[in-house]
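Asker:
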Amino acid sequence: MKESYLRACTAGITLALNLMCGNGLAQETSQPSGNFSSFNKNNDVNAACAAIAEKHTAVYKDLERWIDSRKIQNGYLPDLGVDVEGLWASYQETDNWWSKYLASHGRMFIYDTSLAHYCSIVDDMKSGKFVESRKATDIITQMLRKEELRGNIGLLHFSYNTEGDNFIDPRKISGANLWVFKALYAYMLASGDTRRFDDITDYVSTYLLPLQVVDETHPAYGLITAGYGHPDGLNQGGYNIYDDLNTLNRKHYHSVLEHTADFIDLLRLMIFVIDSHNVTANHPRLREELVMRHALVMQGVKRMRKDKHWPTVIDGDGSYNWSRAVDHYTWLAAAFIGLDDDIAWESIEVLRNEFTTTIDSIEIIKGQKASRVPLNASASGLIFFSKDFKDQYVSLSESERNKLEALIQPEATGGGIVFLYRYAQVTKDDTRRQKALEYLTELVDGLALIHKTYSTVYDGGGMPYATENTHDYFNSTPSMAATATFLLSLDTLRTGYPFFIGVPVPKGCENALEMKVDTSILHKTETRPANS
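Heads up: the sequence shown runs through residues -26 to -1, 1 to 506, numbered per mature numbering (1 follows the signal peptide of the UniProt record, and there is no 0).
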């Protein structure tokens, strides 16, 4: 197994970093290396996980081909004047009415864009020639600049039509933007190309960092608020959205715990770029601020946890929504790896007991007709939320709710795989490690089985967003979110890539849960009830 791992880890995987064991820092080197040993501390786990991924090499190649097929050709954003050829559309066109519309206009959800960008980074690391990921970085940076020129808020909208239509989602959500910036810093870290560091960091410092709640009297103290958007959401229509900037740039004052997980990863990635490439000339106190913000958010997230659970949302008025979403026990829990083993382990137990389901078929919709495609065996995976989930954006019938605990969402499952791998890498508890690896194997094999069956229905090698269809929330059409996350989870197992979900704790952040927080050096944000 160890030989298998070494082959997988060194067969062309290169990085413009030489990660130094023992201190969690990285240095530029003229001899790029794929050595992640400072983060991947358990060679037995590395070997076992690389062997698991190697078993599904054919699946991996299919996923790569599908993502390449979603590359936007001749895409253009007329309201911004940006050519987006080189980015990726989110869906493959099928007979399903829902995906047909989205695919026909090349709809690009920016969260999906960030995942595809991550795939391009990891792929470019194999050759050391960062061509595709550099192009994506340049286009995204241009979009940010044009958004700022048009709308005063230098963040990206939730989605854009890129072919023959000028629809732009009126919302600028923190979570999706945090993922975009995660990919931008992951690119800088891997490639050493920091020519846009100042521009990108200015957007983060101006528009994202001030969204962190630094009012210690507010229940969401330490968390990040949800961003900006039209109060009518998509009812605004998505056309001519720049006509009323005051309305468009209205702040959301609720805090979403899922977004906070993304925020933690971003802060850590920014610190790694600073330490690896010495890029603080124009931001002399940035690292100090990032370390402080990281401690503030980690303490806030730990404080929110009650009886092994986190709330989904803390509203602007301070009220809590205790509905449970899977990302809290994958993305958010991964932030505690290396800081609190019990919190991470208890989240794995929640995943196993409350979010794992087993299926034996996939629901496919062609036109308006639904049919079922049987799997060759039962497959295990993660649901997204339970049937009693409630928040201001989710409205489902009783029959639709009954499906929620019977569907597998591959994107959520891929996130769980990465979390389990990172946990198995770091925990010192042998029993917990073994159980995490067994669970990880079950989830990987489940997604591979779904892919094998699904690829007989839709050619191209993608993955369904979900294995059931529930109104606009989940659908079984080929999805970038599902395909890219599964690909990246396999890449993590193959190579030990540590900068996707659950970014390791940087130097100086090891005591984040106990550190005394000084908010005097932080940008301030206003906190008031969402209906004000």
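For glycine and all other residues, C-beta sits at the position ideal for the given N, C-alpha and C.
Quick one: what's got a C-beta closer than 6 Å to Tyr85's C-beta in the same chain, skipping five residues either side?
Answerer: Here residue 85 refers to the residue found at position 111 when the sequence shown is read from its first residue. For Tyr85, where only same-chain residues beyond five positions count, the Cβ hits under 6 Å are Ala150, Trp153.
Asker: In terms of residues, what are the limits of the beta strand (DSSP E) holding Ser335?
Answerer: The residue labelled residue 335 in the question sits at position 361 within the sequence shown. From DSSP, the beta strand (DSSP E) with Ser335 extends over 330 to 340.
Asker: Residues in its own chain within less than 7 Å of His257 by CB, not counting five upstream and five downstream?
Answerer: Stepping through the sequence shown from its first residue, residue 257 is reached at position 283. Only Thr175 meet the Cβ criterion.
Asker: Residues in the same chain with beta-carbon distance under 8 Å from Ala309, minus the five sequence neighbours each way, listed in chain order, please.
Answerer: In the sequence shown, residue 309 corresponds to position 335, counting from 1. If you ignore the 5 residues before and after Ala309, its C-beta comes within less than 8 Å of the C-beta of Ala235, Ile238, Asp239, Met272, Val275, Gly476, all in its own chain and listed in chain order.
Asker: What beta strand (DSSP E) runs, 3 residues minimum, are completely inside the region 174 to 252?
Answerer: 199 to 202, 225 to 230
Asker: CA-CA distance, Ser88 and Ser494?
Answerer: Stepping through the sequence shown from its first residue, residue 88 is reached at position 114. Stepping through the sequence shown from its first residue, residue 494 is reached at position 520. When rounded, the distance between both Cα atoms is 32 Å.
Asker: What's the C-alpha gap between Glu2 and Ile95?
Answerer: To locate residue 2, count along the sequence shown from 1; it is residue 28. To locate residue 95, count along the sequence shown from 1; it is residue 121. With a pLDDT of only 33 at Glu2, under the threshold of 50, the placement of this residue in the model should not be trusted; the figure read from the coordinates follows. Straight-line Cα distance between these residues: approximately 17 Å.
Asker: Mind checking who Glu59 pairs with in its DSSP beta bridge?
Answerer: The count along the sequence shown starts at 1 and reaches residue 59 at position 85. DSSP lists Leu61 as the beta-bridge partner residues of Glu59.
Asker: Give the range of the beta strand (DSSP E) segment to which Ala380 is assigned.
Answerer: Position 406 of the sequence shown, counting from 1, holds the residue named residue 380. Careful: Ala380 lies outside any beta strand (DSSP E) and carries neither H nor E.
Asker: Please list the terminal residues of the continuous beta strand (DSSP E) segment that includes Val347.
Answerer: Within the sequence shown, numbered from 1, the residue matching residue 347 stands at position 373. Where Val347 is concerned, the enclosing beta strand (DSSP E) stretches over 343 to 356.
Asker: Taking the alpha-carbon of Asn223 as reference, which of Val431, Gly125, Arg406 has the nearest alpha-carbon?
Answerer: Here residue 223 is taken as the residue at index 249 of the sequence shown, counted from 1. Comparing Cα positions, the closest option is Gly125.
Asker: When you compare only the Cα positions, how much space is there between Ala27 and Leu467?
Answerer: Locating residue 27 in the sequence shown gives position 53, where the first residue counts as 1. Locating residue 467 in the sequence shown gives position 493, where the first residue counts as 1. Answer to the nearest angstrom: the Cα atoms are 6 Å apart.
Asker: Does the Cβ of Glu385 have 16 or more other Cβ atoms within 10 Å, making it buried, or fewer, making it exposed?
Answerer: By one-based count along the sequence shown, residue 385 stands at place 411. Burial call: buried.
Asker: Whole angstroms is fine: what's the gap from Thr330's alpha carbon to Leu378's?
Answerer: Taking the sequence shown and counting its residues from 1, one reaches residue 330 at position 356. Taking the sequence shown and counting its residues from 1, one reaches residue 378 at position 404. Approximately 11 Å, taken between the alpha carbons.
Asker: Please return the same chain residues whose Cβ sits closer than 7 Å to the Cβ of Met489, not counting the five positions on each side in sequence.
Answerer: In the sequence shown, the residue the question calls residue 489 occupies position 515. For Met489, the CB contacts under 7 Å within the same chain, skipping 5 residues up- and downstream, are Ala269 in chain order.
Asker: Whose C-beta lies closer than 8 Å to the C-beta of Thr430 among residues of the same chain, with five residues either side of it excluded?
Answerer: Numbered from 1 along the sequence shown, position 456 holds the residue referred to as residue 430. Excluding sequence neighbours, Thr430 sits near Val347.
Asker: Beta-carbon separation of Gln399 and Asn14 under 7 Å?
Answerer: As a first step, residue 399 must be located in the sequence shown, where it is residue number 425. As a first step, residue 14 must be located in the sequence shown, where it is residue number 40. Here Gln399 is near Asn14, since their CB atoms are less than 7 Å apart.
Asker: Tell me the rounded alpha-carbon separation between Leu461 and Pro438.
Answerer: As a first step, residue 461 is located in the sequence shown; it is residue number 487 there, counting from the start. As a first step, residue 438 is located in the sequence shown; it is residue number 464 there, counting from the start. The alpha-carbon atoms of Leu461 and Pro438 are separated by roughly 13 Å.
Asker: Use the C-beta contact count for Trp40: other C-beta atoms within 10 angstroms, 16 or more gives buried, fewer gives exposed.
Answerer: The residue you call residue 40 lines up with position 66 of the sequence shown. Buried, since its Cβ has 16 or more Cβ neighbours within 10 Å.
Asker: Closest to Ala351 by C-alpha separation, out of Phe83, Ala200, Ile333, would be which residue?
Answerer: Numbered from 1 along the sequence shown, position 377 holds the residue referred to as residue 351. Closest option to Ala351, Cα to Cα, is Ile333.
Asker: Touch check for the region 19 to 37 and the region 415 to 422: three-plus C-beta pairs under 8 Å?
Answerer: yes
Asker: Measuring straight from C-alpha to C-alpha, what distance separates Asp139 and Leu260?
Answerer: Numbered from its first residue, the sequence shown carries residue 139 at position 165. Numbered from its first residue, the sequence shown carries residue 260 at position 286. Going by the C-alpha atoms only, they are around 40 Å apart.
Asker: Confirm, please, whether the CB-CB distance from Val265 to residue 507 is below 7 Å.
Answerer: Residue 507 is absent from the model: the chain starts at -26 and stops at 506.
Asker: Going along the chain, which residues of its own chain have a beta-carbon closer than 6 Å to the beta-carbon of Leu496, five neighbours each way excluded?
Answerer: Sequence index remark: in the sequence shown, residue 496 carries index 522 (1-based). Val188.
Asker: Of all the options Thr168, Pro144, Asp173, Asp167, which has the alpha carbon lying nearest to the alpha carbon of Gly201?
Answerer: Taking the first residue of the sequence shown as 1, we reach residue 201 at position 227. Among Thr168, Pro144, Asp173, Asp167, the Cα nearest to that of Gly201 is on Pro144.
Asker: Can you name the start and end residues of the alpha helix (DSSP H) that Ile113 belongs to?
Answerer: Counting from 1 along the sequence shown, the entry for residue 113 is found at position 139. The continuous alpha helix (DSSP H) containing Ile113 extends over residues 106 to 125.
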